[in-house]
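J.: Residue numbers (numbering that gives the first Met the number 0), protein chains in the order written: chain A, 0 to 78; chain B, 0 to 237.
Ideal placement from N, C-alpha and C gives every residue a C-beta, glycine not left out.
What follows is a single structure, and I will ask about it in a moment.
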Amino acid sequence: MARIAVNVPDFAEGAKSVKLRQWLVKIGDDVAKDDVIAEASTDKIRVDIESPADGKVAALLAEEGDRVEVGQTIAEIEG
Amino acid sequence: MRAKGRAAVKLANTVEWLDLGEINYDDALSIQCELHEACWRNTRPDVLIFQRNEPVITCGADSDQDHILWEDERLQGAGIKKRAVPRGGGVSYHGPGQMVVSTVLHFLRYRKTAHLFLRAVEEVIIRLLNSYGIEGLRIEGKSGVFAGNDKIAAVGLALSHLVTMHGVSLNICPDMNHYDAIIACGLSDTGVTSLELLGRTPPYDEVRDVFISNFADVFEAIPVPMKDYGIQGKTRDA
């Protein structure tokens, strides 16, 4: 099965990183495309991070509380 | 290829607006979430939602509980609820006499970044205040709009599926004593104010319409009243 990367969305040009607030899934969970799998935030803006595909959560690559870079892969979905 | 001599024309986006009137905060949030999903699934156009809430302290993603200064018992005695809400920013207050505007919009249609979008929402408020002879200001490093050193409008967004939620609240004539319960947005070195404190007492509907007019200019959008949104099985007129 292919692994599909979940990257921090480029939502705000100029904002290079966001704080990963909370994972809403755990490894092994089934997810559908567009399901919100994590919450992050930057100044005055809370950002949902969505699954790019249907599948199963195969890896979570960042911890709650981490600052993660825009474009960084923070999870993998096995689809 | 564009015809020679013909300027490129940017088509304005249609944005519906809906005034929920006086409504329970939780009910309004449910409606906003429903319209947000319809918007990102592209089954409805972008929408502005106006509302007036009962007294409620809302806590965003960056809230510090120490910024709520009153104990729960005192809040309850004053009729003020507390809610954790899915938006950015810190502790805020909503209540009667305040206009809350939720901006449910595909932000990339209007600005290149979410932060520029937030600045544009502030610009709408600055122009609105200007029409009442008040100079609205931004303060470096602080979000929201100020009159002098006092905040008159607070902003906070959530972004999901590239569509924004929440937005801005403007103090028209709220009970300012309720602000004693919090350190609004975590800003201890600025105060809060309202149109009323600045000597203006326009009716709510007028302020809403001035907002819509300035929104149309700043966002280059065409606002139209929403007429067909069913709430609890009834058709609600905007």
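Alpha carbon to alpha carbon, how far is Met0 of chain A from Val14 of chain B? Give it in angstroms, no decimals.
T.: 43 angstroms
J.: Anyone know if the C-beta pair for Asn26 of chain B and Val103 of chain B falls short of 8 angstroms?
T.: It is worth fixing the name first, because residue 26 of chain B is Asp in this sequence and not Asn. Cβ distance not < 8 angstroms, so Asp26 of chain B and Val103 of chain B don't count as in contact.
J.: Is there at least one Cβ from chain A nearer than 8 angstroms to His105 of chain B's Cβ?
T.: no
J.: In chain A, which residues lie less than 9 angstroms from His160 of chain B when you measure between Cβ atoms?
T.: Asp33, Val35, Asp47 and Glu49
J.: Only counting the same chain, and skipping five residues up and downstream in sequence, which positions put a Cβ closer than 6 angstroms to that of Gln50 of chain B?
T.: Cβ contact annotation for Gln50 of chain B (same chain, cutoff 6 angstroms, sequence separation greater than five): Leu19, Ile22, Ala27 and Val99, in chain order.
J.: How close, in whole Å, do the beta carbons of Val90 of chain B and Cys58 of chain B come, if the pair is a contact with beta carbons under 8 angstroms?
T.: Going by Cβ atoms, the distance from Val90 of chain B to Cys58 of chain B rounds to 6 angstroms, so yes, they are a contact pair.
J.: For a cutoff of 8 angstroms on Cβ pairs, would you count Val7 of chain A as touching chain B?
T.: Not flagged as an interface residue toward chain B: Val7 of chain A, since no C-beta distance is shorter than 8 angstroms.
J.: To the nearest angstrom, how far is it from the Cα of Gly132 of chain B to the Cα of Ser168 of chain B?
T.: 19 angstroms
J.: Could you tell me the distance, in whole angstroms, from the CA atom of Ile73 of chain A to the CA atom of Phe116 of chain B?
T.: Across the structure, Ile73 of chain A and Phe116 of chain B are spaced so that their CA atoms are roughly 26 angstroms apart.
J.: Return helix, strand or coil for Gln50 of chain B, following the three-state DSSP convention.
T.: strand
J.: Inspect the beta-carbon positions of Leu136 of chain B and Val123 of chain B and report whether they are closer than 8 angstroms.
T.: no
J.: Check the Cβ-Cβ distances between Ser16 of chain A and every residue of chain B, and say whether any is below 8 angstroms.
T.: no
J.: Taking Gly23 of chain A as the reference, which of A:Arg66, A:Gly70, A:Val17 and A:Asp47 has the closest Cα?
T.: Here residue 23 of chain A turns out to be Leu, not Gly, going by the sequence shown. Here the closest residue by C-alpha is A:Asp47.
J.: With a threshold of 8 angstroms between beta-carbons, can Val154 of chain B be considered close to chain A, or not?
T.: yes
J.: Looking only at its own chain, which residues have a Cβ that is under 6 angstroms from the Cβ of Val217 of chain B, when we skip the five neighbours before and after it?
T.: Hits under 6 angstroms: Ala119, Glu122 and Val123.
J.: Whole angstroms are fine: how far does the CA of Ala11 of chain B sit from the CA of Met0 of chain B?
T.: Residue placement at Met0 of chain B is poorly supported in this model, since its pLDDT is 45, which falls under 50; the coordinates still yield a value, given next. Answer to the nearest angstrom: the Cα atoms are 21 angstroms apart.
J.: Could you tell me whether the Cβ of Lys25 of chain A comes closer than 8 angstroms to any Cβ of chain B?
T.: no
J.: Buried or exposed: which applies to Lys226 of chain B, given that a residue is buried once 16 or more other Cβ atoms fall within 10 Å of its Cβ?
T.: exposed
J.: Under 8 angstroms, Cβ to Cβ, is there at least one residue of chain A near Pro85 of chain B?
T.: yes
J.: Does the distance from the CB of Ala52 of chain A to the CB of Ile36 of chain A come in under 8 angstroms?
T.: no
J.: Would you identify the three-state DSSP class for Arg207 of chain B, choosing helix, strand or coil?
T.: helix
J.: For His165 of chain B, which residues does DSSP report across the bridge?
T.: B:Leu156, per the DSSP bridge assignment.
J.: Short of 8 angstroms in beta carbon distance, which residues of its chain neighbour Thr189 of chain B, apart from the five on each side in sequence? Order them along the chain.
T.: Ile138, Lys141, Phe145, Asn148, Asp149 and Lys150
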